[in-house]
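In the working numbering, the protein residues as written are 121 to 548.
Here a beta-carbon is modelled for each residue, glycine too, at the ideal position from N, C-alpha and C.
Below is one structure, written out as structure tokens; comments come after it.
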């Protein structure tokens, strides 16, 4: 995206008049400790490394340096809220907490403070309705999209008919894990399959009883909404009972390299939904290697490039950086505020051409955000683990989710939230 001449002139004039601008602050509510650190670390590294790349290669965003303030939450909701309160006064532009529990607690706070909250692929799914959730964005896809995409894959490999099939949902017994249940219930009614929901209590290290139930019930497929150590344990338990890995499909937060490698060859064939591409065959990763890792400026050890969750952190940072550029363009200033960042998020347009310019051509979908739609296109694909190669491969094209089932759920849930919180719909 390019500045208009007027906006570019305004930004240039401002920079001449004000040589030292405040940093653009992107807090990272990370968790590098605890049972969820295996996913939290690579995501936080990817998120930070992309912004470091912009600083080192491009001089920041619009000529202003980026400052990533990291605050450890341990995936604990109370600590996450404390991190928000302790960092919001530092000029925070947007929060990406990587936790559904923290997200639920922050929604009313960010709305009152007029700071945007970005929750890609997690959080409160109905926040896709921008008419109710003015400050929350969850593009390009959400949990309900993921549930539908998994079912779409089952339809595809079963000739379009899964009537009478038994599908188990193994889920983290939390707000996160419960998110897809209502969507899967609607899809079960539509397609005639039986849904068996099996909760796993935090943190998920003990799953003997759940897998005994799966062995007893013999579901045709198992879907998993897990995170952290829960994923590793589930995949190993599946291997222990010789459950066919090709029939085991995780949400995108159950599709990290660290989830499958502990089980070795036994994890071969395991699948997961994804809302972006896999691997390191994109120019942006060569730039990160050169300008960040080789320069000794990586957030971590620099060995996660190309791995699924690291890539997701990079993708999230890229989308936020593009929104910041849009905010600078709209406001005519490089030194944007959180309110202006919110406007940039709501006017974001990601094109295939722009993705190619960023060295991420084909990495994610092209889409636009609007006042009404904060959720993006809701598209995704299926990735599968190749244990011999030690990497994920896409085994499907990116496709749409079933909005005939999902949209009424978004409307219902967001309307209930609006009524409970006396919110008048916007965008009218």
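Problem set entry | Three-way DSSP call (helix, strand, coil) for residue 468 in this model | Numbered from 1 along the chain shown, position 348 holds the residue referred to as residue 468. Residue state, collapsed to three classes: coil.
Exercise. CA-CA distance, residue 227 and residue 221?
Worked result: Residue numbering aside, residue 227 sits at position 107 when the chain shown is read from its first letter. Residue numbering aside, residue 221 sits at position 101 when the chain shown is read from its first letter. Those two C-alpha atoms are separated by around 10 Å.
Problem set entry | Boundaries of the beta strand (DSSP E) in which residue 191 is found, first to last residue | For the purposes of this step, residue 191 is taken as residue 71 along the chain shown, with counting starting at 1. Boundaries of the beta strand (DSSP E) around residue 191: 190-192.
Problem set entry | 6 Å CB neighbourhood of residue 249 in its chain, flanking five on each side removed | Stepping through the chain shown from its first residue, residue 249 is reached at position 129. Same-chain partners within the cutoff: 530 and 534.
For this session: For the region 475-486 and the region 395-411, state whether three or more C-beta atom pairs, one from each stretch, are separated by less than 8 Å.
Result: yes
Problem set entry | Spatial distance of residue 241 from residue 360 (CA atoms) | Within the chain shown, residue 241 is the residue found at index 121, counting from 1. Within the chain shown, residue 360 is the residue found at index 240, counting from 1. Going by the C-alpha atoms only, they are around 30 Å apart.
Exercise. Closest by CA to residue 239, which one among 513, 225, 511 and 274?
Worked result: In the chain shown, the residue the question calls residue 239 occupies position 119. Looking at the Cα atoms, 225 is the closest of the given residues.
Exercise. DSSP beta-bridge partners for residue 488?
Worked result: Counting from one through the chain shown, the residue named residue 488 turns up at place 368. DSSP lists 469 as partners of residue 488.
Problem set entry | Rounded C-alpha distance that separates residue 124 from residue 147 | Residue numbering aside, residue 124 sits at position 4 when the chain shown is read from its first letter. Residue numbering aside, residue 147 sits at position 27 when the chain shown is read from its first letter. Low confidence applies to residue 124: its pLDDT is 39, below 50, so where it sits in the model is not reliable, and the reading given next is rough at best. Roughly 29 Å between the two C-alpha positions.
Exercise. Who are the Cβ neighbours of residue 194 in its own chain at under 6 Å, not counting the five residues just before and after it?
Worked result: Counted from its first residue, the chain shown places residue 194 at position 74. Cβ neighbours of residue 194 beyond the five flanking positions: 151, 153 and 154.
Problem set entry | 3-residue-minimum beta strand (DSSP E) runs that sit fully inside the region 288-337, ordered along the chain | Note on the region 288-337: whole beta strand (DSSP E) runs with a minimum of 3 residues are 314-320, in chain order.
Exercise. Start and end of the alpha helix (DSSP H) containing residue 235?
Worked result: Mapped onto the chain shown, residue 235 falls at position 115. Per DSSP, residue 235 belongs to no alpha helix (DSSP H) and is neither H nor E.
For this session: Sort 453, 353 and 459 by Cα distance to residue 292 and report the nearest one.
Result: Here residue 292 is taken as the residue at index 172 of the chain shown, counted from 1. Minimum Cα distance to residue 292 is reached at 353.
For this session: Please name the residue, chosen from 204, 290 and 234, that lies closest to residue 333 on a Cα-to-Cα basis.
Result: Position 213 of the chain shown holds residue 333. Per the Cα distances, 290.
For this session: Entirely within the region 417-479 and at least 4 residues each: give me those alpha helix (DSSP H) ranges in chain order.
Result: The region 417-479 contains these whole alpha helix (DSSP H) runs: 428-451, 458-466 and 472-477.
Exercise. Looking only at its own chain, which residues have a Cβ that is under 8 Å from the Cβ of residue 321, when we skip the five neighbours before and after it?
Worked result: On the chain shown, position 201 is the one that residue 321 refers to. Excluding residues within five positions, the ones whose Cβ falls inside 8 Å are 293.
Problem set entry | Best match in 373, 197 and 348 for proximity to residue 323 [C-alpha to C-alpha] | As a working note, residue 323 is residue 203 in the chain shown. Closest by alpha carbon: 348.
For this session: Count the CB pairs spanning the region 265-273 and the region 496-505 that are closer than 8 Å, and state whether there are at least three.
Result: Yes, they touch.
Problem set entry | Boundaries (first-last residue) of the alpha helix (DSSP H) holding residue 405 | Your numbering for residue 405 matches position 285 in the chain shown. Where residue 405 is concerned, the enclosing alpha helix (DSSP H) stretches over 403-408.
Exercise. If you check the beta carbons only, do residue 355 and residue 387 fall under 8 Å apart?
Worked result: In the chain shown, the residue the question calls residue 355 occupies position 235. In the chain shown, the residue the question calls residue 387 occupies position 267. Cβ distance < 8 Å, so residue 355 and residue 387 count as in contact.
For this session: Report the rounded CA-to-CA distance for residue 456 versus residue 493, giving the unit in angstroms.
Result: By one-based count along the chain shown, residue 456 stands at place 336. By one-based count along the chain shown, residue 493 stands at place 373. Going from the Cα of residue 456 to the Cα of residue 493 covers about 23 Å.
For this session: Under 7 Å Cβ to Cβ from residue 485, same chain only, skipping five residues before and after it: list those, please.
Result: Taking the chain shown and counting its residues from 1, one reaches residue 485 at position 365. Hits under 7 Å: 260, 497, 499 and 518.
For this session: Assuming residue 490 and residue 472 form a contact by the criterion Cβ under 8 Å, report the distance between their Cβ atoms to the nearest whole angstrom.
Result: Position 370 of the chain shown, counting from 1, holds the residue named residue 490. Position 352 of the chain shown, counting from 1, holds the residue named residue 472. Not quite, the Cβ-Cβ distance comes to about 19 Å (not below 8 Å), so this is no contact.
Exercise. Just how far apart, CA to CA, sit residue 175 and residue 435?
Worked result: Along the chain shown, one-based indexing puts residue 175 at 55. Along the chain shown, one-based indexing puts residue 435 at 315. The straight-line gap separating the alpha-carbon atoms of residue 175 and residue 435 is approximately 16 Å.
For this session: Could you check the C-alpha separation between residue 121 and residue 452 for me, to the nearest Å?
Result: Within the chain shown, numbered from 1, the residue matching residue 121 stands at position 1. Within the chain shown, numbered from 1, the residue matching residue 452 stands at position 332. Any answer about residue 121 is weak, because its pLDDT of 36 lies below 50 and its placement is not dependable; what the coordinates show is given next. Computed Cα separation, rounded: 14 Å.
For this session: Specify whether the region 457-464 and the region 201-220 touch according to this definition: at least 3 beta carbon pairs, one from each stretch, less than 8 Å apart.
Result: yes
For this session: Decide if residue 339 is buried, meaning its Cβ has at least 16 other Cβ atoms within 10 Å, or exposed.
Result: Numbered from 1 along the chain shown, position 219 holds the residue referred to as residue 339. Counting Cβ neighbours within 10 Å, residue 339 comes out buried, since at least 16 surround it.
Exercise. What are the partner residues of residue 503, as DSSP defines its beta bridges?
Worked result: Walking along the chain shown from the start, residue 503 turns up at place 383. Bridge partners of residue 503: 392 and 514.
For this session: Ignore the nearest five residues each way along the sequence and tell me which others in residue 399's own chain have a CB closer than 6 Å to its CB.
Result: Here residue 399 is taken as the residue at index 279 of the chain shown, counted from 1. Around residue 399: 426.
Exercise. Closest to residue 454 by CA distance: which of 439, 179, 547 and 412 is it?
Worked result: On the chain shown, position 334 is the one that residue 454 refers to. That would be 179, whose Cα lies nearest to the Cα of residue 454.
Problem set entry | residue 433 vs residue 164 beta-carbon contact at 8 Å | Residue 433 sits at position 313 when you count from the first residue of the chain shown. Residue 164 sits at position 44 when you count from the first residue of the chain shown. Result yes, Cβ atoms of residue 433 and residue 164 sit closer than 8 Å.
Problem set entry | Pair within 8 Å by beta-carbon distance, residue 61 and residue 187 | A question about residue 61 goes unanswered here, because the residues of the chain that appear run from 121 up to 548.
Exercise. Just checking my contact of residue 207 with residue 189 at CB under 8 Å: how many whole Å lie between their CB atoms?
Worked result: Counting from one through the chain shown, the residue named residue 207 turns up at place 87. Counting from one through the chain shown, the residue named residue 189 turns up at place 69. Yes, residue 207 and residue 189 are in contact; Cβ-Cβ is about 5 Å, under 8 Å.
Problem set entry | Whole-number beta carbon distance between residue 351 and residue 166, since they are thought to touch under 8 Å | Translated into the one-based positions of the chain shown, residue 166 becomes position 46. Translated into the one-based positions of the chain shown, residue 351 becomes position 231. Actually they do not touch by this definition, with Cβ atoms about 18 Å apart.
Exercise. What did DSSP end up calling residue 184 once you bin it into helix, strand or coil?
Worked result: Walking along the chain shown from the start, residue 184 turns up at place 64. Strand.
Problem set entry | Continuous beta strand (DSSP E) stretch holding residue 344: start and end | One-based indexing of the chain shown puts residue 344 at position 224. Residue 344 -> beta strand (DSSP E) spans 341-345.
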